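Using my numbering, count along the sequence shown one by one with no gaps and you end on 1018.
Written below as structure tokens is the structure these notes are about.
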Amino acid sequence: MKKSYALMFCAMLGMSVSLYGEALPKLVVDPTKVPVAVIPEVNVKKAKVAASGHAEDEQWKYLGTGTYTDDILTNAPGVESATWDVEIYESVSSPGFYRVENPFGNGNCPTFPDKFESCDFFLHAENPEAVWMEYVEIKNVDFGLMDGEYCPAFVGDIAGYYIGEGWFDAETAVAMGMCGGKMVGGNITFEEGGLIMSFPYYTEDGLDLECNLSGLFKVSLPGAKDYSFEVTADNICTSRTIEFDCNAGADVEEVKYLVFDGMLCLNSDYSDLCDKVLAEGNTVKDGKISKDLVYGANTLVAVAVVDGSIVGKELVYCYGQQENNDEWVTMGEAEYSEDVFSSIYPEDLLHHVYKVEIQQSVATPGRYRLVDLYGPAYPEYDFLVSDGDIRPGHDHHHYVVVDATNPERVFIEASPLGVDFGFGEVSFFSEGYVSMLLGLDLEDESVIEGFGKLEDGKITFLGGALFVYMPDFGMPRGNINHRFYIKLPNPASIDNVTAASAEAEYYNISGLKVTNPSAAGVYIRKCGNKTEKVYVK
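Below, the structure written as structure tokens:
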């Protein structure tokens, strides 16, 4: 299943016909898969006449060929960000106000290779610290929201939205801090989710979706500084040291990084982490990052720096997959009913029930890990290997950690699977785990539904409560067919799990073994099959 395969949620490219009989380029946006834009309410009376961002007779000076990096069409699943050449003009009367000519229809856009009339982008960078984008219609593109009928789409930032709707003039919008863009070194960028794709005629209330979800939107003026920045790794999981390659543009002065424990900032802004990296981070040398990871999920944050300011940032989730044999005991084999990949790729991967090795934490009974869940025991493993979906170079097991310490609130921690369907290495976790990361109310009924249950030795989740995270695609849901379960080995085999010695062993609350618990605090003591908390004063 490479990128050429049809994902259940992939973008459908083709041609549709408008009500006027015109053949239109087509992309299908699924509004259930894109965050709804939160547009702040305004407590002022709307102007009688809508404010326009610029005069119709604006005079333009041609600057030359620049580049545009897209993160708008990426709202259609399966459409990746790309960069292509665009023609750029500057206002004669307002220096710093730029027009990008027909970026989607100029024939250079990989998604729409044929020329057609779409729209110009109008970017106000008169104040480089408060850039805003006018609210414009993406003409002659059918986003598939209204079957058989053309549904106009508009794009802009919050400031452009309100100015275009006639709520504010530009000066007021800038003064109120509504502008989400910046221009640094001739490069205009916006915050993640800082642009809006609107469909005002979709249902009575219209539809406003976030776009620029990865923060990749960029317009580079002719002669702009090269602040390109990318962090890559052959694999995102390791049993030892992990290595990343940092590729920075010629004008980037320094790259700094830190690795944080856990999966941080999923689906949220991470500017606070970037500020911490800028202030305290390690400097990258020779374009390489080498780091020993803690067991489980880790978050790498790297920033590109010029004149003490951040001009680029990257976040990568990575995993330590150490054996830690003294911290886990094999229980036997669990019965696994697979409804994750078979939900996402139903035409290619069948539902199977099979056996996998399962281990239990010595320090925390009820915390389990499945060994190589999609390894050789998986009936479709040979197909994944032949299709090139199993990542090469892994010299370690892949552990999927399931926390059932509370049988009513079971969750699956972020875990790597060693699989890549062409959209980046796959991570697997449950909805309840995401709710915990986002700090949601865990007593809310809708949030509780994202957790699994352990009953009579069987772990189950509601349909759709499991996520597969693909960095270059998103988070499609598994267990759509309600077939997923993990059946633990019979209780007798669990009861027979014993330590190698009946002598007492001690662990701290993080599960790490402690030779001599002399410092004050809470410890976990294990002796044979008995595990209890003890307090050292």
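Ideal placement from N, C-alpha and C gives every residue a C-beta, glycine not left out.
Small disclaimer: the values here were computed from a predicted structure and weren't measured.
C-alpha distance - residue i paired with residue j, whole-angstrom precision
i: Cys746; j: Arg872; result: 26 Å
i: Tyr800; j: Ile825; result: 23 Å
i: Pro998; j: Tyr776; result: 22 Å
i: Val852; j: Lys769; result: 31 Å
i: Asp638; j: Phe578; result: 15 Å
i: Ala858; j: Asn589; result: 46 Å
i: Ser771; j: Asn583; result: 43 Å
i: Tyr849; j: Ser896; result: 12 Å
i: Leu923; j: Thr886; result: 16 Å
i: Asp976; j: Ala778; result: Reliability fails at Asp976, whose pLDDT of 45 lies under 50, so the model's placement of it is uncertain and the value that follows must be treated cautiously. The alpha-carbon atoms of Asp976 and Ala778 are separated by roughly 30 Å.
i: Leu544; j: His605; result: 15 Å
i: Ser842; j: Asn805; result: 10 Å
i: Ala785; j: Pro860; result: 44 Å
i: Asp937; j: Phe864; result: 34 Å
i: Ile807; j: Gly813; result: The identity of residue 807 in the sequence shown is Asp, whereas the question assumes Ile. Asp807 and Gly813: Cα-Cα distance of roughly 16 Å.
i: Asp868; j: Pro970; result: 33 Å
i: Asp449; j: Val928; result: Past the edges of the chain, shown from 482 to 1018, lies residue 449, and the structure says nothing about it.
Residue i - DSSP class collapsed to helix/strand/coil
i: Val758; result: helix
i: Pro998; result: coil
i: Gly801; result: strand
i: Glu652; result: helix
i: Asn556; result: helix
i: Tyr642; result: helix
i: Phe602; result: strand
i: Asp623; result: strand
i: Ile717; result: coil
i: Glu828; result: coil
i: Lys596; result: coil
i: Gly777; result: strand
i: Met917; result: helix
i: Val928; result: helix
i: Leu865; result: helix
i: Ser1038; result: The structure shown does not extend to residue 1038, since the chain is modelled only from 482 through 1018, so no value can be given for it.
i: Ser562; result: coil
i: Thr886; result: coil
i: Ser896; result: strand
i: Ser823; result: helix
Where residue i falls, given that 16 or more other Cβ within 10 Å makes a residue buried
i: Val866; result: exposed
i: Asn716; result: buried
i: Leu831; result: exposed
i: Pro703; result: exposed
i: Lys699; result: buried
i: Gly957; result: The residue asked about is misnamed: residue 957 is Pro in this sequence, not Gly. Flag for Pro957 reads buried.
i: Thr517; result: At residue 517 the sequence reads Val, which differs from the Thr that was named. Exposed is the call here.
i: Lys596; result: exposed
i: Ser572; result: buried
i: Ser916; result: buried
i: Asp876; result: exposed
i: Leu935; result: buried
i: Ser709; result: buried
i: Ser790; result: exposed
i: Asn556; result: buried
i: Arg580; result: buried
i: Ala731; result: exposed
i: Glu761; result: exposed
Beta bridge counterpart(s) of residue i as assigned by DSSP
i: Lys934; result: Thr941
i: Gly545; result: Ile569
i: Cys660; result: Per DSSP, none; premise fails for Cys660.
i: Glu685; result: DSSP lists no partner for Glu685.
i: Thr771; result: Contrary to the premise, residue 771 reads as Ser rather than Thr in this sequence. Glu724, per the DSSP bridge assignment.
i: Phe710; result: Ala729
i: Ile677; result: Gly637, Glu691
i: Phe741; result: Thr780
i: Met614; result: Leu604
i: Leu947; result: Ser911, Gly959
i: Phe671; result: Gly662
Proximity test, Cβ basis, 8 Å: residue i and chain C
i: Val866; result: This model lacks chain C altogether; it includes just one protein chain.
The ligand HEM heavy atom lying under 7 Å from the CB of residue i
i: Ala844; result: The model depicted lacks the ligand HEM and carries no ligand whatsoever.
Handout entry: At least 3 beta-carbon pairs within less than 8 Å: the stretch 764 to 771 vs the stretch 878 to 894
Key = no
Practice task
Specify whether the stretch 891 to 911 and the stretch 945 to 965 touch according to this definition: at least 3 beta carbon pairs, one from each stretch, less than 8 Å apart.
Solution key: yes
Practice task
Determine contact between the stretch 650 to 663 and the stretch 538 to 555, defined as no fewer than three beta-carbon pairs at a distance below 8 Å.
Solution key: no
Practice task
Report yes or no: do three or more beta-carbon pairs, one from the stretch 674 to 683 and one from the stretch 623 to 638, lie closer than 8 Å?
Solution key: yes
Practice task
Give a yes or no on contact between the stretch 834 to 842 and the stretch 810 to 819, applying the rule of three or more CB pairs nearer than 8 Å.
Solution key: yes
Handout entry: Touching by the beta-carbon criterion (3+ pairs, under 8 Å), the stretch 687 to 694 and the stretch 667 to 674
Key = yes
Exercise for the section: Check whether the stretch 556 to 569 touches the stretch 710 to 728, counting contact only when three or more Cβ pairs, one atom from each stretch, lie closer than 8 Å. Expected result: no
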